Amino acid sequence: MKRRRLAEIQARRERLVAKSAAQRDEVALLLSPWRGPLHVADRGLVAVEYVRTHPAIVVIAAAALVILAPRRAFRWTKRAFAVWRGYRWAVQALNQVARDVPR
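The numbers in the sequence shown follow my numbering, run straight up by one, and end at 94.
Structure, rendered in C-alpha coordinates:
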(Lines of atoms letter the chains of each structure in order from A and count residues from 1; the text may use other names and numbers.)
(Lines give C-alpha, C1' and ligand atoms only; values in the text may rest on other atoms or scores of the structure.)
Protein backbone atom coordinates (compact mmCIF):
# COMPACT_ATOMS: atom_id res chain seq x y z
CA MET A 1 0.00 0.00 0.00
CA LYS A 2 2.75 2.45 0.95
CA ARG A 3 4.73 1.68 -2.21
CA ARG A 4 1.69 2.26 -4.40
CA ARG A 5 1.09 5.65 -2.74
CA LEU A 6 4.75 6.60 -3.25
CA ALA A 7 4.49 5.54 -6.91
CA GLU A 8 1.37 7.72 -7.33
CA ILE A 9 3.14 10.67 -5.75
CA GLN A 10 6.17 10.14 -7.97
CA ALA A 11 3.98 9.92 -11.10
CA ARG A 12 2.12 13.08 -10.12
CA ARG A 13 5.42 14.84 -9.48
CA GLU A 14 6.70 13.84 -12.93
CA ARG A 15 3.49 15.16 -14.55
CA LEU A 16 3.82 18.44 -12.66
CA VAL A 17 7.48 18.82 -13.60
CA ALA A 18 6.63 18.21 -17.28
CA LYS A 19 3.73 20.69 -17.08
CA SER A 20 6.02 23.30 -15.47
CA ALA A 21 8.60 22.84 -18.22
CA ALA A 22 5.93 23.31 -20.88
CA GLN A 23 4.65 26.45 -19.15
CA ARG A 24 8.18 27.87 -18.89
CA ASP A 25 8.67 27.26 -22.61
CA GLU A 26 5.35 28.95 -23.38
CA VAL A 27 6.20 32.00 -21.25
CA ALA A 28 9.63 32.25 -22.87
CA LEU A 29 7.99 32.17 -26.30
CA LEU A 30 5.45 34.82 -25.33
CA LEU A 31 8.12 37.10 -23.87
CA SER A 32 10.65 36.71 -26.69
CA PRO A 33 9.47 39.88 -28.54
CA TRP A 34 10.15 41.83 -25.32
CA ARG A 35 13.74 40.64 -25.00
CA GLY A 36 15.20 43.64 -26.89
CA PRO A 37 13.16 46.37 -25.19
CA LEU A 38 13.73 44.81 -21.76
CA HIS A 39 17.48 44.69 -22.43
CA VAL A 40 17.45 48.38 -23.35
CA ALA A 41 15.44 49.20 -20.21
CA ASP A 42 17.84 47.15 -18.10
CA ARG A 43 20.84 48.99 -19.52
CA GLY A 44 19.06 52.29 -18.85
CA LEU A 45 18.52 51.32 -15.22
CA VAL A 46 22.20 50.40 -14.91
CA ALA A 47 23.15 53.81 -16.32
CA VAL A 48 20.78 55.61 -13.94
CA GLU A 49 22.22 53.71 -10.98
CA TYR A 50 25.74 54.60 -12.08
CA VAL A 51 24.86 58.28 -12.33
CA ARG A 52 23.18 58.15 -8.91
CA THR A 53 26.33 56.74 -7.35
CA HIS A 54 28.61 59.19 -9.21
CA PRO A 55 26.85 62.59 -9.08
CA ALA A 56 30.07 64.46 -9.81
CA ILE A 57 29.88 63.21 -13.39
CA VAL A 58 26.53 64.97 -13.85
CA VAL A 59 27.89 68.21 -12.39
CA ILE A 60 30.97 68.12 -14.62
CA ALA A 61 28.92 67.34 -17.74
CA ALA A 62 26.42 70.11 -16.94
CA ALA A 63 29.20 72.63 -16.33
CA ALA A 64 30.90 71.68 -19.60
CA LEU A 65 27.62 72.03 -21.48
CA VAL A 66 26.95 75.46 -19.98
CA ILE A 67 30.47 76.66 -20.78
CA LEU A 68 30.69 75.20 -24.29
CA ALA A 69 27.10 75.70 -25.49
CA PRO A 70 24.96 77.94 -23.26
CA ARG A 71 21.96 78.03 -25.62
CA ARG A 72 21.93 74.26 -25.93
CA ALA A 73 22.24 73.99 -22.14
CA PHE A 74 19.20 76.23 -21.73
CA ARG A 75 17.16 74.10 -24.17
CA TRP A 76 18.19 70.90 -22.39
CA THR A 77 17.33 72.46 -19.03
CA LYS A 78 13.84 73.27 -20.27
CA ARG A 79 13.42 69.71 -21.58
CA ALA A 80 14.73 68.17 -18.37
CA PHE A 81 12.37 70.31 -16.31
CA ALA A 82 9.43 69.23 -18.49
CA VAL A 83 10.40 65.57 -18.10
CA TRP A 84 10.76 65.98 -14.34
CA ARG A 85 7.31 67.63 -14.10
CA GLY A 86 5.82 64.81 -16.17
CA TYR A 87 7.44 62.26 -13.91
CA ARG A 88 6.10 63.98 -10.78
CA TRP A 89 2.61 64.18 -12.32
CA ALA A 90 2.70 60.46 -13.20
CA VAL A 91 3.83 59.48 -9.70
CA GLN A 92 1.07 61.55 -8.11
CA ALA A 93 -1.55 60.14 -10.51
CA LEU A 94 -0.46 56.56 -9.83
CA ASN A 95 -0.47 57.17 -6.09
CA GLN A 96 -4.00 58.54 -6.35
CA VAL A 97 -5.14 55.52 -8.35
CA ALA A 98 -3.50 53.21 -5.79
CA ARG A 99 -5.36 54.96 -2.96
CA ASP A 100 -8.68 54.67 -4.81
CA VAL A 101 -8.38 50.95 -5.45
CA PRO A 102 -10.58 49.06 -2.98
CA ARG A 103 -8.83 46.45 -0.91
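Backbone N, C-alpha and C define an ideal beta-carbon position, used for all residues, glycine too. Given the structure is predicted, the values throughout are model-derived calculations rather than measurements.
{"query": "Could you check what DSSP says for valine 88 in three-state terms: helix, strand or coil?", "result": "helix"}
{"query": "Does DSSP put histidine 45 in a helix, a strand or coil?", "result": "coil"}
{"query": "Work out the CA separation of alanine 19 and arginine 70 for me, nearest whole Å.", "result": "38 angstroms"}
{"query": "Which of the three DSSP states, helix, strand or coil, is assigned to proline 93?", "result": "coil"}
{"query": "Return the CA-CA distance between valine 49 and alanine 81, expressed in angstroms with no decimal places.", "result": "24 angstroms"}
{"query": "What number of angstroms, rounded off, separates the C-alpha of glutamine 95 from the C-alpha of arginine -5?", "result": "Residue 95 cannot be examined here, being either before or after the span of the chain that is shown, -8 to 94."}
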